[in-house]
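Chains as they are written, first to last, in this note's numbering: chain E, -6 to 189; chain F, 59 to 373.
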Amino acid sequence: MIQTSEREEVSDQALMLRYQRGDRSAFVTLLRRYQVAVYNFVLRQLGSALSADEIAREVFLGVVREAPRFDYETPFSTRLFAIAHQLVRDERQRMPSRQLLQRGPSAPESSRAGAGSSSRLRGEAALEDSIVSAVEALPDDQKDVFLLREVADLSFSEIATVTRQSETAVKIQMQHALQRLRLALQDFDEYRRALR
Amino acid sequence: MDSDKFDRIVLDLLYGELDELTTAAAKRHMEQSARARDIYAHFRATRQLGVLPAHTPPPDFEAALLAREARVLAELPVRHRLGRVVSKLAGYAMRPQLIMAALLLLMIGSSLMFVRTRPALHSAVQVTERGAPEGDVDVVLPLTPPPSSSAPLAMAPSEPRAAVKPESPATPRGTDEANAGAAPDAPGQDAFEQALQIYRARGYVEAQRLFERLSRSGHTRAAEAAFYAALSTRNIKGCAAGLSAFARVSERFPSSPAAHDAVLRAARCQEQLGNSDGARSGYESLLRVPTHARRAQQALSRLANEQAAASGATP
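Laid out in structure tokens, this is it:
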């Protein structure tokens, strides 16, 4: 799960209201609050840093365009990731061959696995690679649900709103996604230790 | 809880979205079911390990986005931009401080209609209190009794008439001036008027003191002063004390207008004290005084009527 920055006292809704009234600093606060989650959500969906950069910006620009008629009864995060979900789907349709769906931009080698300095670190890097590969290999619907749950930190009901499905359907897809991940992880010692 | 229900809620349990009661029920079910324990353990382990590495956006992500945000704002339809302006203005308008300030200004503005500058001299109205106290309306002394040779009771040559005519320059003032040192003011006309004003202002104690002093000082209006001193006594102590005070006026200044007024006042006090015979006797004595005969006759008639009414009402 991606650790988002700690929420300030000002709610998302209050910041949107301030932004509606022309306070651009409120938008900057919202941007800094959600940019990591949005960027990683898009990155894990598309697998391309270039596309993720552009699509993530479009997500926030979608918020800018919707601001004058923002629906305050919907949580801001739900609406934000609904925009992101729609843009990702559009991008998938635009590139059906998934030319860009390769191994996503991983962290710099120097910050990952210590460049093979020890077998333990190599094992962690292998685990991380397996996780990323397993997530990217998920069917789109399951990947949507998994990323909205784990990266965007939305509840199942909010995911149901974003994906326009029933909550039960969302949970079934999440179960399938976790079972697929389990298959990818179960050979690791870390998994066996976590089972205890 | 059965296995089907557990399967439906296992994800909620994994992500902490269950209420306390259902969570406890699910945990109890896991204690009894190895299958449930196994399902939950695998989900928990998968979730625990399935943490994706977080990547930060490119360094220019925020700057480039804000630059495009400004362009997008500029390209918004006019109605949306107008909506932002309206929303901004409404935000200010809805602030309680602004509402209170507007109300305050409205109140101040409306109250200015009632504020006038200092009134001009010609528009000033002066009100002066005149007249005697309510209880003494009919006490005004007959200041100008027409001297009549046919009057049955001729006034004594020493009658203090100064009260009814302006003080003559020839009036000897030696006595007043001699007694002036006893009073804070010279016991002259001004002293009498001053005492009278105090009496009219219902300062009876001070008025009694001043009138007593004037009556003893040989003032030209000593008889009037004695009468007012008696009136003050009655007002202070009541009719019982007033009777003796009025009697002293009659004794000190017999046959004077002040003495007749004192008799009239004493008779009214007798009435108030329930002594009708005493009152009637006083009124009858005034029938011979032309200046008081009419009021005495009226009082006698009233007394007779009241007596007749009282006897008629008595079975």
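Here a beta-carbon is modelled for each residue, glycine too, at the ideal position from N, C-alpha and C.
Beta-carbon proximity check, residue i vs residue j, cutoff 8 Å
{"i": "Tyr73/F", "j": "Met88/F", "result": "no"}
{"i": "Phe269/F", "j": "Ala281/F", "result": "no"}
{"i": "Val29/E", "j": "Leu73/E", "result": "no"}
{"i": "Gln13/E", "j": "Pro68/E", "result": "no"}
{"i": "His113/F", "j": "Leu39/E", "result": "no"}
{"i": "Phe34/F", "j": "Ala287/F", "result": "Because residue 34/F is not part of the residues shown, which for chain F are 59 to 373, the question remains open."}
{"i": "Pro315/F", "j": "Thr291/F", "result": "no"}
{"i": "Leu110/F", "j": "Val52/E", "result": "no"}
{"i": "Leu24/E", "j": "Glu120/F", "result": "yes"}
{"i": "Leu69/F", "j": "Lys164/E", "result": "yes"}
{"i": "Arg173/E", "j": "Leu131/E", "result": "yes"}
{"i": "Pro115/F", "j": "Ala49/E", "result": "yes"}
{"i": "Val130/F", "j": "Arg58/E", "result": "yes"}
{"i": "Ala145/E", "j": "Ser70/E", "result": "yes"}
{"i": "Arg353/F", "j": "Leu331/F", "result": "no"}
{"i": "His78/E", "j": "Val155/E", "result": "yes"}
{"i": "Phe34/E", "j": "Glu127/F", "result": "no"}
{"i": "Ala351/F", "j": "Leu345/F", "result": "yes"}
{"i": "Ile256/F", "j": "Ala249/F", "result": "no"}
{"i": "Leu10/E", "j": "Leu107/F", "result": "no"}
{"i": "Leu301/F", "j": "Ala324/F", "result": "yes"}
{"i": "Gln166/E", "j": "Asp122/E", "result": "no"}
Under the three-state DSSP convention, the category residue i falls into
{"i": "Ser103/E", "result": "Low per-residue confidence applies at Ser103/E: pLDDT is 37, beneath 50, and the placement is therefore not dependable, though the value from the model is reported in the following sentence. Helix, per DSSP."}
{"i": "Arg72/E", "result": "helix"}
{"i": "Arg153/F", "result": "coil"}
{"i": "Ser4/E", "result": "coil"}
{"i": "Val173/F", "result": "coil"}
{"i": "Asp16/E", "result": "coil"}
{"i": "Gly108/F", "result": "coil"}
{"i": "Glu364/F", "result": "helix"}
{"i": "Gln179/E", "result": "coil"}
{"i": "Ser216/F", "result": "Residue confidence is low: Ser216/F scores 40 on pLDDT, short of 50, so the model does not pin down where it sits. No coordinate-derived value is stated."}
{"i": "Ala146/E", "result": "Note that residue 146/E is Asp in the sequence shown, not Ala. Coil."}
{"i": "Arg85/E", "result": "helix"}
{"i": "Leu71/F", "result": "helix"}
{"i": "Ser123/E", "result": "helix"}
{"i": "Arg306/F", "result": "helix"}
{"i": "Pro115/F", "result": "coil"}
{"i": "Ala209/F", "result": "Here Ala209/F scores only 39 on pLDDT, less than 50, and its place in the model should not be relied on; the value that follows carries that caveat. Ala209/F: coil per DSSP, three-state reduction."}
{"i": "Pro132/E", "result": "coil"}
{"i": "Ala187/E", "result": "helix"}
{"i": "Gln90/F", "result": "helix"}
{"i": "Ser275/F", "result": "coil"}
{"i": "Thr67/E", "result": "coil"}
{"i": "Gln191/E", "result": "There is no way to answer for residue 191/E, as the model of chain E reaches only from -6 to 189."}
{"i": "Leu79/F", "result": "helix"}
{"i": "Pro61/E", "result": "helix"}
{"i": "Asp60/F", "result": "coil"}
{"i": "Arg260/F", "result": "coil"}
{"i": "Leu162/F", "result": "helix"}
{"i": "Leu123/F", "result": "helix"}
{"i": "Pro312/F", "result": "coil"}
{"i": "Gly167/F", "result": "helix"}
{"i": "Leu134/F", "result": "coil"}
Proximity test, Cβ basis, 8 Å: residue i and chain C
{"i": "Val130/F", "result": "In the structure shown, chain C does not exist; the protein chains are E and F."}
Residue i: CB within 7 Å of a non-hydrogen atom of the ligand SAH
{"i": "Lys164/E", "result": "No copy of the ligand SAH appears in this structure; indeed no ligand is present at all."}
Near-chain F residues of the region 55 to 71 of chain E - C-beta to any C-beta below 7 Å: Those residues of the region 55 to 71 of chain E that come within reach of chain F (Cβ to Cβ, closer than 7 Å) are Val57, Arg58, Pro61.
Relative to chain E, which residues along the region 97 to 108 of chain F have a C-beta separation below 8 Å, given in chain order? Against chain E - using a Cβ distance shorter than 8 Å - the residues of the region 97 to 108 of chain F are Ala99, His100, Phe101, Arg102, Ala103, Thr104, Arg105, Gln106, Leu107, Gly108.
Output the residue ranges of the alpha helix (DSSP H) runs that lie fully inside the region 324 to 354 of chain F and measure 4 residues or longer, sorted by chain position. Unbroken alpha helix (DSSP H) stretches of 4 residues or longer found wholly inside the region 324 to 354 of chain F: 334 to 344, given in chain order.
Residues of the region 64 to 88 of chain F whose Cβ lies closer than 7 Å to any Cβ of chain E, in chain order: So the list reads Leu69, Glu75, given in the order they occur along the chain.
Taking Cβ-Cβ distances below 7 Å as the criterion, which residues of the region 34 to 53 of chain E are in contact with chain F? Against chain F - using a Cβ distance shorter than 7 Å - the residues of the region 34 to 53 of chain E are Leu36, Arg37, Asp46, Ala49, Arg50, Phe53.
What are the residues of the region 108 to 119 of chain F that lie near chain E, defined by any Cβ-Cβ distance shorter than 7 Å? Under the 7 Å Cβ criterion, the region 108 to 119 of chain F contributes Gly108, Val109, Leu110, Pro111, Ala112, His113, Thr114, Pro115, Pro116, Phe119.
Below 7 Å between beta carbons is the criterion; list the residues of the region 152 to 172 of chain E that meet it against any residue of chain F, in chain order. Going along the region 152 to 172 of chain E in chain order, one finds Lys164, Met167, Gln168, Leu171 with a Cβ nearer than 7 Å to chain F.
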